[in-house]
Amino acid sequence: MLLVGSSVGVISPIMPFVATKLQLSSSQYGIVVSSFALSKMLGNVPSAILVERHGRKPYLVHSLWLVGFGVMGLGLSNDWIQLSACRMTIGLGVAALTTASTLTVADVSTPLSRASTFSPVMSAFAAGTALGPALGGILCDEYGIRDTFLMVGASYGVLALWNNVSLKETGKNEWWESGDGLPWREEEEDKLNGTGRAVKSSKKEVTTTISQAVKNTTQEWSNLMKDPKVSPIVVMNGFYLCAISGTQMTLLPLLLTGGGGATAGAAGAATGMALTATAMGQIYMWMSAVQVIGNPAAGRFADRKGKETAIIAGGVLTSAAMATVPVICAYGLMVGDFVALDVNDVNWPLLAATLGVWSLGSTLLATSHVSDKCERCSEGV
């Protein structure tokens, strides 16, 4: 997971330079960014069914090949449509990889040891995403955009080969061939039966297909949204993710690099900060490092002060930082009919502190706020 996280982090500081190279508009770059999340969201439920059907190991191997081909395609793309297709390919691979990794750890752990078993895995991934941006920036400045993507894509292929040789199957079950349905549905029925609730016990109704799984998931989402304790948090999280994808994933990179189809004003002045890939990597590394270091403290703060307090604090910190970044960058100083921005005039310590506050607020909001609100979660369902 350390190597996977590093490979993911390597890509982050390079994408805005792709937008500049292909002369993408801000809207086109936004579509490219969103395509990854869309395909990952659509691929989550099918991945869960397929991983249970065929086992964990095939998707710990094949998903890396899929991600690798997608990353290599980014380096060979010539327009935003090709970029979006490659990003969607990566999203599907990440959905399968995340599902297989999570279930593998669940297979080799017990309910009492699950948190301690997951912790090293997630810490390794977080450390990789923190180190990856700096490496990606250096590689981009040294070898160029295309060769960097090709090297990162090849690294996923190496990881796939390593997983194929070193990993053992942990979840290959016999229940699928017997037609008994998915194991988590049977566990759910057993637990609900223990509570005395009415449960449909016909095995024909147990989820065994992707279409049925999507239908059941949609129904569960609908039921959750009817819960007055859960729905406000879901709505808040939706607005937060919308804001973070529009700012941190789209506008901030374009501001720092001068991309998005606005690389020069009417008099030839740069409308962005025109940072190098190495400098971009350092900024992303700083933000990731704050999240890694701040995660334990954010969790303790949420447990001690309450989830509502953590939500408010995280929202205030994140929104304040979002509004402050363009002011610090002097992006709003209009000179004639174009924006004049001198990188040397930027207060870098203040910008770093603001981005650190941004990451800290995101860390607070990323803390789980729903588990103790859902009655069925407390029952282990």
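So the sequence shown is residues 1040 to 1420, counted in our numbering.
Beta carbons are placed, not taken as given, at the ideal position from N, Cα and C, and that holds for glycine.
Inter-residue Cα distance where the pair is residue i and residue j
| i | j | result |
| --- | --- | --- |
| P1052 | W1260 | 35 Å |
| W1387 | E1347 | 33 Å |
| T1402 | K1079 | 21 Å |
| V1364 | A1313 | 16 Å |
| G1183 | A1359 | 35 Å |
| M1190 | V1366 | 37 Å |
| L1077 | D1266 | 26 Å |
| S1148 | L1063 | 46 Å |
| S1194 | G1107 | 7 Å |
| V1274 | M1264 | 9 Å |
| A1145 | L1061 | 43 Å |
Supposed close pair residue i, residue j - CB separation, criterion 8 Å
| i | j | result |
| --- | --- | --- |
| W1325 | M1361 | Actually they do not touch by this definition, with Cβ atoms about 17 Å apart. |
| T1138 | S1086 | 4 Å |
| V1253 | V1084 | 5 Å |
| G1320 | G1176 | 2 Å |
| M985 | S1065 | Residue 985 cannot be examined here, being either before or after the span of the chain that is shown, 1040 to 1420. |
| L1404 | I1350 | 7 Å |
Proximity to residue i [Cα-Cα], best of the options
| i | options | result |
| --- | --- | --- |
| I1322 | E1347, P1267 and L1394 | L1394 |
| V1331 | N1203, L1122 and F1164 | F1164 |
| V1057 | D1186, G1196, T1363 and Q1287 | D1186 |
| T1315 | A1328, S1327, V1329 and T1296 | T1296 |
| T1143 | L1099, N1334 and N1262 | L1099 |
| H1093 | I1272, A1359, L1131 and E1208 | E1208 |
| V1204 | T1149, A1124 and P1097 | P1097 |
| L1356 | Y1279, I1120 and R1339 | Y1279 |
| V1049 | V1090, T1317 and P1335 | T1317 |
| V1197 | L1103, K1060 and S1250 | L1103 |
| P1172 | P1271, S1045, L1294 and A1282 | S1045 |
Per-residue burial, residue i [other beta carbons within 10 Å of its own, 16 or more giving buried]
| i | result |
| --- | --- |
| L1115 | exposed |
| G1277 | exposed |
| Q1258 | exposed |
| W1201 | exposed |
| S1140 | buried |
| E1181 | exposed |
Residue range of the alpha helix (DSSP H) that includes residue i
| i | result |
| --- | --- |
| T1317 | A1316 to K1344 |
| N1463 | Past the boundaries of the shown model lies residue 1463; the chain is included only from 1040 to 1420, so the question cannot be answered. |
| I1283 | S1270 to G1285 |
| E1091 | S1065 to H1093 |
| D1186 | I1184 to S1205 |
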